[in-house]
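Undergrad:
2 protein chains.
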Amino acid sequence: MIGLETRDAPGSISERGFRRRCQVLDAAETCFRRHGFHAASMAGVAAEAGMSVGHIYRYFENKEAVIAAIVERDLTATAEQFERMREAPEGVVAAMVYGLDECLDQAADPATSALFLEVMAEAARNPKVARMAAGQHAKIREWLTALFASGHGAELTQGQIDDVVDLLLLFMTGLRVRAAYDPDIDHQRMIRLLSRIITADPERKS
Amino acid sequence: MIGLETRDAPGSISERGFRRRCQVLDAAETCFRRHGFHAASMAGVAAEAGMSVGHIYRYFENKEAVIAAIVERDLTATAEQFERMREAPEGVVAAMVYGLDECLDQAADPATSALFLEVMAEAARNPKVARMAAGQHAKIREWLTALFASGHGAELTQGQIDDVVDLLLLFMTGLRVRAAYDPDIDHQRMIRLLSRIITADPERKS
DNA sequence: AAAACAAGAATGAACGTTCATTCTTAATTC
DNA sequence: GAATTAAGAATGAACGTTCATTCTTGTTTT
Chain H
-4 MIGLETRDAP
6 GSISERGFRR
16 RCQVLDAAET
26 CFRRHGFHAA
36 SMAGVAAEAG
46 MSVGHIYRYF
56 ENKEAVIAAI
66 VERDLTATAE
76 QFERMREAPE
86 GVVAAMVYGL
96 DECLDQAADP
106 ATSALFLEVM
116 AEAARNPKVA
126 RMAAGQHAKI
136 REWLTALFAS
146 GHGAELTQGQ
156 IDDVVDLLLL
166 FMTGLRVRAA
176 YDPDIDHQRM
186 IRLLSRIITA
196 DPERKS
Chain V
-4 MIGLETRDAP
6 GSISERGFRR
16 RCQVLDAAET
26 CFRRHGFHAA
36 SMAGVAAEAG
46 MSVGHIYRYF
56 ENKEAVIAAI
66 VERDLTATAE
76 QFERMREAPE
86 GVVAAMVYGL
96 DECLDQAADP
106 ATSALFLEVM
116 AEAARNPKVA
126 RMAAGQHAKI
136 REWLTALFAS
146 GHGAELTQGQ
156 IDDVVDLLLL
166 FMTGLRVRAA
176 YDPDIDHQRM
186 IRLLSRIITA
196 DPERKS
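In order, the protein sequences belong to chains H and V.
Under this note's numbering, the first residue of the first sequence carries the number -4, and numbering increases by one thereafter.
Under this note's numbering, the first residue of the second sequence carries the number -4, and numbering increases by one thereafter.
(1) At the 8 Å Cβ level, is Phe166/V part of the contact set with chain H, yes or no?
(2) Using a Cβ cut-off of 9 Å, pull out every chain H residue sitting near Glu24/V, in sequence order please.
(3) Of the residues Pro122/H, Arg79/H and Glu117/H, which one's Cα is nearest the Cα of Leu101/H?
(4) Note down, in chain order, every chain H residue with its Cβ under 7 Å from the Cβ of Met115/V.
(5) By alpha-carbon positions, which one of Ala23/H, Cys98/H and Gly169/H ends up nearest to Glu43/H?
(6) When the distance is taken between beta carbons, is Thr71/V closer than 8 Å to Gly169/H?
(7) Does any CB atom of chain H fall closer than 8 Å to the CB of Gly31/V?
(8) Need the endpoints of the alpha helix (DSSP H) that Pro105/H sits in, please.
(9) Measure the C-alpha to C-alpha separation of Phe13/H and Val160/V and round it to an integer number of angstroms.
(10) Write down the C-beta distance between Ile51/H and Val40/H rounded to the nearest angstrom, noting that I regard them as a contact closer than 8 Å.
(11) Just to confirm, are Val19/H and Met37/H a CB contact at a threshold of 8 Å?
(12) Which residues in the same chain as Ser201/V place their Cβ atom closer than 8 Å to its Cβ, once the five residues preceding and following it in sequence are excluded?
(13) Excluding the five sequence neighbours on either side, which residues of its own chain have a C-beta within less than 7 Å of the C-beta of Gly31/H, listed in chain order?
(14) When you check each C-beta in the stretch 133 to 158 of chain H against every C-beta of chain V, which residues fall closer than 8 Å?
(15) With respect to the alpha helix (DSSP H) encompassing Thr168/V, which residues constitute its N-terminal and C-terminal limits?
(16) By alpha-carbon positions, which one of Ala119/V, Asp158/V, Glu56/V and Leu99/V ends up nearest to Arg29/H?
(17) With DSSP as the reference, label Arg53/V as helix, strand or coil.
(18) Return the CA-CA distance between Leu99/V and Ala109/V, expressed in angstroms with no decimal places.
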């Protein structure tokens, strides 16, 4: 067998170490999704990662550190998912629906949902995780607000924008929870509800 | 994973035994909220219940049975919470807001939220729990639909009613998740968003 | 006295974590 | 270029702890 791995120069940031770390995290994510943070065992994670138990401790101080890394990865991934709406086509409603369509795919995915719920359950009892979740929430909210403000211009008051953004966030979150027990969410229907939230203006004069 | 078979205690159903059972469940609920289903220990539950470890096994076959009982209790409690809207005052919107105001109190409560998320996380990986959650969901949805149909009469099509009900359910669920990391939810604001969902009719002719 | 109830020590399995050891491979020596 | 050295990568058995569960013993009730 030819060794494809190249040794790292001493002192440099280890490329191999980084990949090994990811390997552990990917395995942990799978195990955590399957059994939850606390029912999953380090032995199981090691088996999934295809390495020995003890070797995990070369890259993570303990199990809690692995969980923390997974939480961070999941939360930042969700925030980035929302920010990808930047590359949306013209028109606010279209942009929203287009971008949120992607988010919907992710939100309605049972596997994604399982990890999300695990993270939120952890947030409910771990103040540090709660603070991270709140940070992610604020980030997404800020970005959505800016998108709406730039799109609708002066048509909507700040209060109205805040309302729509809040409704959107609650909608997406609710969807993630529903995916946990209902894998057959009607995608087209959700898009319709989504656009309804965005377009419905309770104070318009028609 | 949790076995949901309900096992009746052998012999007669004693009043004292029933109270003891509740005592265990109340203690378990507290512990599960604090640590989650799998990180909570039977010793901790026993201490919280003010009884010995081994004695719990007189009323529950094992830890799984305790979890199953808590899951069932939580899910049915939520469904009953919604059904309490039956005693709402006249007028659909008022009835909705009035009834949902109560639900909101519950949904925005961090303690309630913690257990809810635990149950949902379990549903994401345990088909039996998922089926129970889906059943609760269907029950609430059915009831909300009937309430809307009787209130709005022929003003709304069935499709429009379905949309509003779905939005409502997703809203309430999203709120429960948010309570996990944000204990200071603006109640009045949520009421406003709620009534906006209910009243906004995208196809009305005014 | 019998039966049900209660408590907590005992038990074995499983867990997270550590560590002495072996592999692997780049670098060095001859 | 073969042999040797050096060092990090990787292993998995072993450790102490904690867990769910059972067993033994004592107490209360009928």
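Cβ coordinates follow ideal geometry from the N, Cα and C atoms, glycine included.
TA: On the basis of the supplied data:
(1) As a working note, residue 166/V is residue 171 in the second sequence. True, the Cβ-Cβ gap to chain H drops below 8 Å.
(2) Within the second sequence, the letter at position 29 stands for residue 24/V. Neighbours of Glu24/V on chain H: none; closest Cβ ~14 Å, over 9 Å.
(3) Mapped onto the first sequence, residue 101/H falls at position 106. According to the sequence displayed, residue 101/H carries Gln and not Leu. That would be Arg79/H, whose Cα lies nearest to the Cα of Gln101/H.
(4) In the second sequence, counting from the first residue as 1, residue 115/V sits at position 120. Going along chain H in sequence order, the residues near Met115/V (Cβ under 7 Å) are Leu112, Val172 and Ala175.
(5) Position 48 of the first sequence holds residue 43/H. The shortest Cα separation from Glu43/H among Ala23/H, Cys98/H and Gly169/H belongs to Ala23/H.
(6) Against the first sequence, residue 169/H aligns to sequence position 174. Against the second sequence, residue 71/V aligns to sequence position 76. No, the pair does not count as a contact, with Cβ atoms beyond the cut-off.
(7) Sequence index remark: in the second sequence, residue 31/V carries index 36 (1-based). So yes, Gly31/V belongs to the interface.
(8) Taking the first residue of the first sequence as 1, we reach residue 105/H at position 110. Run containing Pro105/H: Pro105 to Ala118, per the alpha helix (DSSP H) assignment.
(9) Taking the first residue of the first sequence as 1, we reach residue 13/H at position 18. Taking the first residue of the second sequence as 1, we reach residue 160/V at position 165. Each residue's alpha carbon lies about 47 Å from the other.
(10) Position 56 of the first sequence, counting from 1, holds the residue named residue 51/H. Position 45 of the first sequence, counting from 1, holds the residue named residue 40/H. With a Cβ gap of about 7 Å, Ile51/H and Val40/H count as contacting.
(11) The sequence position of residue 19/H within the first sequence is 24, counting from 1. The sequence position of residue 37/H within the first sequence is 42, counting from 1. In this structure, Met37/H does not lie closer than 8 Å to Val19/H by Cβ.
(12) Taking the first residue of the second sequence as position 1, residue 201/V is located at position 206. A caution first: Ser201/V carries a pLDDT of 36, below 50, which makes its placement in the model unreliable, though a value can still be read off. Once the five neighbours on either side are set aside, Ser201/V has no close Cβ partner at all.
(13) For the purposes of this step, residue 31/H is taken as the residue at position 36 of the first sequence. Cβ within range, chain order: Glu113.
(14) Asp158
(15) Start at 1 with the first residue of the second sequence, and residue 168/V comes out as number 173. Note, Thr168/V: alpha helix (DSSP H), Gln153 to Arg173.
(16) Taking the first residue of the first sequence as 1, we reach residue 29/H at position 34. Closest option to Arg29/H, Cα to Cα, is Ala119/V.
(17) As a position in the second sequence, residue 53/V is number 58, starting the count at 1. Of the three classes helix, strand and coil, the one that applies to Arg53/V here is coil, per DSSP.
(18) The residue labelled residue 99/V in the question sits at position 104 within the second sequence. The residue labelled residue 109/V in the question sits at position 114 within the second sequence. Distance between the alpha carbons of Leu99/V and Ala109/V is about 15 Å.
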